[in-house]
Ligand SMILES: Nc1ncnc2c1ncn2[C@@H]1O[C@H](COP(=O)(O)OP(=O)(O)O)[C@@H](O)[C@H]1O
Ligand SMILES: [Mg+2]
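Residue numbers (this note's numbering), protein chains in the order written: chain A, 1 to 252; chain B, 1001 to 1342.
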């Protein structure tokens, strides 16, 4: 089941450059929330603060409070523990090329010390089914490497890999930007279905996509969150002039 | 330094060299009078081609010399040459087995010691070390590769061997003596000393190539592992080492290639006795060392020919090992996985 996310006053830096300024956000459980905004406005930085990936970069720093379910993630929670409950899908598909499809999906389970073969089989199958990849790969699970799939399949494999550890939250950073329209359609459909089980935060530069998959949308500009509301409202009747300019500028 | 025993004057060392130089000179001459234009370009291309052909011709000549030089020994002993342990110049009986054994044992011993250290250093430099330490640390490891091997030999004789004799070997004999690999009188000098000095000499090459291979592992692989909840060590294992393993194997084989041919330092500490003993404390002999030691005093034709045959075998093994390693490293740094299936 998904859990809710409460973000309070997040600030983030790369060395001396500040990339995020005082971001507050409440994400509802079992909904998809989209983050939009021009390139370089801090969407990726923000989403990477939610699973503490930001701090893995040299010189990067975060302050503020993030509560995910019962975890206060920057206080008394280890990053590895957190990341096992908050899955992430990256902009560019990044399956492990030296592992088979099966091993890719099972990678997170192995890290958890999970070794029951039969249960692993089941979880791998379920994860691949939820990511709508099962039918395409079920005959070559062990034969084919993760890297031999097409870009769209690789991204769905990465989704399956993230789902296999049964996270509560799924973070997606422009998951379709490297994909063709058909694969994009598949992934979007997937996001729609996954909402029933996970809380989803998705970064996208494509506003139609936000409209199709997300109930809520936040608009970022220059490291600040300008507006956050129901997606419909952001697109039809935003309260901030800058949001309106961005939204209409792109559509018109 | 690994092939210093090969170009002995008696089988025509200087010739290939001068042939190559001759080719380069004639081909490059037209270049001198030109200030530019197509003619210079053609001449330049021709000169380069001549150089390339010259290198290949040189290799061919070396093989030719080694093969013709070893004919006598080959006809006298046949395959038995490689299996026999009898090395008796007085009676013109020659068997290369102790040398082959010594080369293999000392080289693999060196790998066993060097690989964990070298890969550890490479991982430390690429994955863990603070930025300011990276440069100095890689610089120093690489500098180790530039030290002439005779210096390593001297250091081994004056520092390492006494340490082995007084501390390390008695300790090993006490704790692991029961295995049979660490028994007998602790001379210091012997197979163990050769293995350790070789290990020190091949650490730089293994670690610098491993480092190169680790650096080309894409950052997104590290992030993929971390995002799944991997600890730092797990991230290094599944996100980095696993992706780099073909290249690291290549680096290891390159190190092996160097160890197989290394002559000077080994000759100084291995004891130079054509014996086969289970204990690593015992003295041994390697193919490269016997060439270096005995070539100048090889009087009989068969004796000389037997030595050349050892040279041929060593040449062949090192060429094959190096070719394999280069291919592996090349396939990795070009981004082509040498094997895509797990
Ligand atoms: N690794 C990094 N090092 C330094 N600055 C970075 C790094 N990544 C991003 N930035 C900077 O942080 C700001 C926000 O970037 P990012 O979060 O990637 O934006 P978005 O995902 O919205 O395009 C940009 O100004 C960018 O230049
Ligand atoms: Mg981004």
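Heads up, the beta-carbon is just placed ideally off N, CA and C, and yes, glycines get one too. As the structure is a prediction and not an experimental result, all values here were calculated from the model.
For my contact list, residue i and residue j are in at a C-beta cut-off of 8 Å; report their separation, rounded to the angstrom.
i	j	result
residue 1186(B)	residue 1165(B)	5 Å
residue 96(A)	residue 1221(B)	7 Å
residue 960(B)	residue 1306(B)	Residue 960(B) lies beyond the residue range present for chain B, which begins at 1001 and ends at 1342; the question has no answer from this structure.
residue 201(A)	residue 47(A)	6 Å
residue 1097(B)	residue 1106(B)	Not confirmed; about 15 Å, so no contact.
residue 1325(B)	residue 1253(B)	4 Å
residue 1197(B)	residue 1152(B)	6 Å
residue 1109(B)	residue 1195(B)	3 Å
residue 1343(B)	residue 1059(B)	Because chain B here runs from 1001 to 1342, residue 1343(B) falls outside it and cannot be looked at.
In three-state terms, what does DSSP make of residue i?
i	result
residue 1132(B)	helix
residue 165(A)	coil
residue 174(A)	coil
residue 199(A)	strand
residue 240(A)	coil
residue 1145(B)	coil
residue 5(A)	strand
residue 212(A)	helix
residue 19(A)	strand
residue 341(A)	The structure shown does not extend to residue 341(A), since chain A is modelled only from 1 through 252, so no value can be given for it.
residue 138(A)	coil
residue 186(A)	helix
residue 1334(B)	coil
residue 180(A)	coil
residue 32(A)	strand
residue 219(A)	strand
residue 1305(B)	helix
residue 25(A)	strand
residue 1208(B)	helix
residue 1023(B)	The pLDDT assigned to residue 1023(B) is 47, lower than 50, so where the model puts this residue is not dependable; a value taken from the coordinates is nonetheless given after this. The answer is helix: DSSP assigns residue 1023(B) an H, G or I state.
residue 230(A)	strand
residue 131(A)	coil
residue 148(A)	helix
residue 247(A)	helix
In chain order, what residues of the same chain lie with their CB nearer than 6 Å to the CB of residue i, ignoring the 5 residues before and after it?
i	result
residue 1318(B)	1257, 1260, 1261
residue 43(A)	35, 37, 203, 220
residue 108(A)	164, 165
residue 1175(B)	none
residue 137(A)	101
residue 1337(B)	Unreliable positioning characterises residue 1337(B) in this predicted model, as indicated by a pLDDT of 46, which lies under 50. The coordinate reading is nonetheless provided below. Within the same chain, residue 1337(B) has no close Cβ partners at all.
residue 1001(B)	At residue 1001(B) the pLDDT is 39, less than 50, meaning the model places this residue with poor confidence; the figure from the coordinates comes in the next sentence. Only 1149 meet the Cβ criterion.
residue 1056(B)	none
residue 234(A)	217
residue 1340(B)	A caution first: residue 1340(B) carries a pLDDT of 39, below 50, which makes its placement in the model unreliable, though a value can still be read off. For residue 1340(B), where only same-chain residues beyond five positions count, there are no Cβ hits under 6 Å.
Among residues of its own chain, excluding the 5 on either side of residue i, which ones have a beta-carbon nearer than 7 Å to its beta-carbon?
i	result
residue 180(A)	152
residue 51(A)	82, 83, 86, 88, 171
residue 1298(B)	1304, 1307
residue 1323(B)	none
residue 141(A)	100, 101, 102
residue 1067(B)	1312
Beta-carbon within less than 8 Å of residue i's beta-carbon, same chain only, minus the 5 sequence neighbours each way: which residues are those?
i	result
residue 55(A)	61, 62, 79
residue 132(A)	156, 186, 189, 190
residue 19(A)	12, 13, 42, 45, 223
residue 1081(B)	1073, 1074, 1094, 1095, 1096, 1306, 1309
Suppose only complete runs of 4+ residues qualify. What are the alpha helix (DSSP H) ranges in the region 1072-1138 of chain B, listed by chain order? 1080-1083, 1097-1123
Could you tell me which uninterrupted alpha helix (DSSP H) segments, each at least 4 residues in length, are contained entirely in the region 1210-1298 of chain B, listed from first to last along the chain? 1219-1227, 1242-1261, 1264-1269, 1287-1294
Is the region 162-171 of chain A close to the region 81-91 of chain A, with three or more CB pairs under 8 Å? yes
Runs of beta strand (DSSP E) wholly within the region 39-112 of chain A (minimum 3 residues, chain order): 60-68, 86-89
So does the region 1126-1137 of chain B actually touch the region 1099-1117 of chain B, counting three or more Cβ pairs closer than 8 Å? no
Check whether the region 137-152 of chain A touches the region 175-193 of chain A, counting contact only when three or more Cβ pairs, one atom from each stretch, lie closer than 8 Å. yes
Count the CB pairs spanning the region 1275-1291 of chain B and the region 1196-1209 of chain B that are closer than 8 Å, and state whether there are at least three. no
Pairing CB atoms from the region 1294-1309 of chain B with CB atoms from the region 1088-1095 of chain B, are three or more of them under 8 Å? yes
Any contact of the region 1237-1246 of chain B with the region 1270-1278 of chain B, i.e. 3+ C-beta pairs under 8 Å? no
Return the chain-ordered ranges of every alpha helix (DSSP H) run that is complete within the region 1043-1072 of chain B and spans a minimum of 4 residues. none
Quick one: any contact between the region 192-199 of chain A and the region 27-34 of chain A, if contact means 3 or more CB pairs under 8 Å? yes
Interfacial residues, the region 1228-1253 of chain B to chain D, with Cβ spacing under 8 Å: Protein chains A and B are contained in the structure displayed, whereas chain D is not.
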